[in-house]
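Novice: Quick one: structure below, then a few questions.
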DNA sequence: ATCGATGCATGCAACGTTGCAATACTCATG
DNA sequence: CATGAGTATTGCAACGTTGCATGCATCGAT
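Next comes the structure, spelled out in C-alpha cells:
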C-alpha cells in the first residue's frame, strides 16, 4: 500500500539515500538518475512519511492555535486568516478550543503540553499575567490580545486603551452624555476588558463626564445573549443611557437586538459602538459602528514571530510586544 | 531539555522498556517500581514524543478537517463542535481551508495528500460526485453535506430536498405565492444547491404554483454580500416576490439587509427563510426563520464513522449514507 | 518434588527518514 | 602524470518509541 524510500530505491536501482536526495533536494543528483527515481516515485505513488521525518528532524511542520471558541465570529475570522497565512509558510494548523477553561490553557503551556506542534499561538482568557509569565512552554509561543507586562513570550495585540478611548470619544463627539459600557469581565484574568474599561473611563474623564457605576455592565461571555441581557439591565436601570460602547461586536449585536425588541430607535434613541469588526456587523440592521483591528496583520505578525523563533532556536531576542493598527469604522448605529 | 524514556529509565534505575510499560500500561509493573518510575517522570517532566510514537504505531492521533472557509459561521460552528467531539475521543484536529478550490480538494484526496492524519472529514465544494467517487484516499474519509450516489466514503448530511420543501411550504402556508429562491450555484459541482432547488420546486408544484426563472437567483458564494446582491436583483426585476427562500442564513441575512435598506418591511412586505441556523440569525432584526440541521449530530456521527474505520482497518462495511435530522425554526421573518 | 502458570523485567529489533562521513569518479590545473 | 577540487552516490547510525521473545522469580496445583 504505502511505499517507502526503500521500495522506490529498489525499483529505481539506486540507494535509499539517493532517493532521499531526490525527494528532499539535500544533495545534487545526476539528471538521468533523478529521472529514473522520479519515475519510480510516480509509479509507486510514494509520499514521504511525515512521522518519520518529524522524528528525524525534531520538527512537525504543525503549529498549534489555541482559542477560546471557534464558533465566535471574531475567532473564526482570525483563525481563517491564520490558517491561510500558515499554509503560505508551509505549516498546517492544529486547533484547540479552550472554552476559556484555565485548566485547558494551563495544560497547553506546560512543557510537552502542546505535544506535536512546532509553535503555539494562544489567546488566553482564564490565565492571569503572572501565570502566563511563569509558563515554560517547550515551543515558541505567541500570545494574542493579552496584557502581559514582563512576559516570556511574544505578544500581538491592538492598543486596547486607545481604541476604547476612540470609540467612546466618537460617541461623545456625537453629543452623547450618558454612555454605558458593556463587557467588563471580573471573572476573567486576561486583562483585555480592563484595558477597554480604562480607555472608556479616560475618554469620559477628558470630556468631564461622570462615571456611573450602573453604566458599567459586566458579562459572563462575549456572546450576543450576554449583550442582550446587559442591555435589558441597562434599560431597566434608574438612568437610561443614550449610547453604549460594547467590548465586542457580538455584545453590540445582542444589545442592538434588545433595543429593537423594546422599540427603541438606533441610533436616534440610543447609539451603539462595537469592537472587532466581524462580518455580521456589516450587515446588521442598521450596520454596526465598530473598532476594526487589523486581523490580517495579527495573523501575519503572529506567524512571523513564530517563524523567527522556530527557525533560529538560538534566537534569544527578548519577547516582542507588537501593537497592530486599528481604526474606527463609523456605520449607522451612531 | 526534553527528556526521553532513556533518561527516565536511567534515573529510576530500570530498563527503558519498563518505563514504556508504566507510561503506556502495555504490561503489568510492580507497585514499587511504578512509583519510582513515576517519580522520575515527574522530576524530569517527561512527555512522550508523539512523532516517535506515530512512527511506531502508524497512527498520529490527528484527524483532518477540510472545509471551504472557516470564517463562515456555519462552518465555524460545525468546526467547533467537531473539535470538541474529537477531543472527547482523544483526537486533535488539523484544519485545512480549501476556499472551494478544486485543486486544494483534489490534493487532499490523493493518497498521501492528507499526510499526517489518521482520517479526514471533508466538505467538498468544487469536486463533482464522479471525481469524489473515484478518489482513493489513503485514510478513512467522511464527506459532509454531499450528494454522492455510489461513493467510496461515508457521508453525513441532512435531507436537503425535504428540508427545502418544508421551508418553501412554510412560506406557501403563510399565503405567499411569489416565492423566490436565492442560492443556486451553477459553477459548483457539489450538488447541495441542486437538491435544495429540487425541494423548492417540489413544494411549488404541490401547491400548483408556477416556476418563474427570474425567481431563481444564482450566487457565487454563500456570503451576505451575495445575498444582498441577489435581493437587489430580485427587487429590480419585473415581478417582485413576496417571499424568499435563501439556501443559507448568510444569504438570508444579506437579503434581509437589502430589504431594510430599501425600506421594505419584513415579514409584512417580504418574508424570508434561511438555512443553517447560525447564531447571527437568532439575533438579527427581526430574528430569522430558518432550517436548523442538527449540527451536534453531524459532528458526532462523522467522528463515529471515522472511528469505526480507523480502529478496524479490516472493516469493509460498504459506505454509509447517514441522514441527520433537521427542523424548521420559525422566528420573525415569516 | 515437579510442573505449568503467572507476574514482572529486560534486550533486541524495527518503524521511515536524514545527517554525516566515506567513497568513487570526473575533470581541470600545474 | 600527480594533485586537488568538485560532483555523484553510498552505507551507517540515529531520532524515541513499542512489539516480540525471552528470562527469572514466585506461587499454586498435582
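Chains as they are written, first to last, in our numbering: chain B, 644 to 977; chain P, 644 to 977. Idealized CB from N, CA, C, for every residue including glycine. Bear in mind the structure is a predicted one, so any value in this text is a computation, not a measurement.
1. Comparing C-alpha positions only, which one of 748/P, 836/P, 974/P sits nearest to residue 707/P?
2. Which word fits residue 960/B, buried or exposed, when buried means at least 16 other C-beta atoms lie within 10 angstroms of its C-beta?
3. Note down, one range per segment and in chain order, each beta strand (DSSP E) of at least 3 residues found wholly within the segment 888 to 941 of chain P.
4. To which residues does DSSP link residue 681/B through a beta bridge?
5. List the residues of chain B that residue 705/P touches, going by C-beta distances under 9 Å, in chain order.
6. Put residue 796/P into one of helix, strand or coil per three-state DSSP.
7. Is residue 805/P helix, strand or coil when you go by DSSP?
8. Provide the residue span of the alpha helix (DSSP H) that contains residue 837/B, from first to last.
9. Buried or exposed for residue 739/B, going by 16 or more other Cβ atoms inside 10 Å?
10. I'd like to know if residue 718/B contacts chain P, where contact means its C-beta is closer than 9 Å to some C-beta of that chain.
11. Distance check for residue 869/B and residue 649/B, CA to CA, integer angstroms please.
12. Taking DSSP's pairing of strands, which residues face residue 710/P in a bridge?
13. With a CB to CB cut of under 7 Å and the five nearest residues on each side skipped, what residues in its chain are close to residue 726/B?
14. Return the CA-CA distance between residue 937/B and residue 771/B, expressed in angstroms with no decimal places.
15. Scan the segment 683 to 695 of chain P for residues whose Cβ lies nearer than 7 Å to a Cβ of chain B and list them as they occur along the chain.
16. For residue 779/P, count neighbouring C-beta atoms within 10 Å of its own C-beta (all shown protein chains included) and say buried if the count is 16 or more, exposed if not.
17. Please name the residue in 801/P, 882/P, 887/P, 798/P whose C-alpha comes closest to that of residue 843/P.
18. CB-CB under 6 Å to residue 987/P, same chain, minus the five flanking residues each way: which ones, in chain order?
19. Any beta carbon of chain P sitting closer than 9 Å to that of residue 959/B?
20. In whole angstroms, give me the CA-to-CA distance for residue 839/B and residue 892/B.
21. Report the residues of the segment 883 to 905 of chain P with a CB closer than 8 Å to any CB of chain B, ordered along the chain.
22. Residue 727/P touches chain B at which residues, Cβ-Cβ below 7 Å?
23. Please list the partners that residue 928/B has in chain P, where partner means a Cβ-to-Cβ separation under 8 Å.
24. Report the partner residues of residue 964/P according to the DSSP bridge assignment.
25. Spatial neighbours of residue 902/P within its chain, please: C-beta separation below 7 Å, excluding the five flanking residues on both sides.
26. Who pairs with residue 787/P in a beta bridge, going by DSSP?
27. Residue 654/P lies in the alpha helix (DSSP H); which residues open and close that run?
28. Would you check if the distance between the CB atom of residue 787/P and the CB atom of residue 713/P is smaller than 9 Å?
29. Whether or not the segment 795 to 802 of chain B and the segment 939 to 955 of chain B are in contact is what I'm after, with contact meaning three or more pairs of Cβ atoms, one per stretch, closer than 8 Å; do they touch?
30. Kindly confirm or deny that the segment 674 to 684 of chain P and the segment 962 to 969 of chain B touch, where touching means at least three C-beta pairs closer than 8 Å.
31. Is the CB of residue 819/P under 9 Å away from at least one CB in chain B?
32. Could you check where the alpha helix (DSSP H) with residue 873/B kicks off and where it finishes?
33. Counting Cβ pairs, one atom from each stretch, are 3 or more of them under 8 Å apart for the segment 856 to 869 of chain B and the segment 797 to 813 of chain B?
34. How many angstroms separate the CA atom of residue 784/B from the CA atom of residue 718/B?
35. What residues from chain P crowd round residue 867/B, counting only those whose CB sits closer than 9 Å?
36. Can you list, in chain order, the residues of its chain with a C-beta nearer than 6 Å to that of residue 752/P? Leave out the 5 residues immediately preceding and following it.
Specialist: In short, the structure shows the following:
1. 748/P
2. exposed
3. 914 to 918, 932 to 936
4. Note: residue 681/B sits in no beta bridge, so no partner.
5. 705, 737, 759
6. coil
7. helix
8. 835 to 849
9. buried
10. yes
11. 60 Å
12. 740/P
13. 736
14. 25 Å
15. 688, 690, 693, 694, 695
16. exposed
17. 887/P
18. Because chain P spans 644 through 977 in this model, residue 987/P falls outside it and cannot be assessed.
19. no
20. 14 Å
21. 896, 897, 899, 900, 903
22. 740
23. 899, 900, 903, 927, 928
24. 798/P
25. 874, 909, 913
26. 799/P
27. 648 to 655
28. no
29. yes
30. no
31. no
32. 867 to 879
33. no
34. 18 Å
35. 922, 923, 925, 926
36. 778, 780
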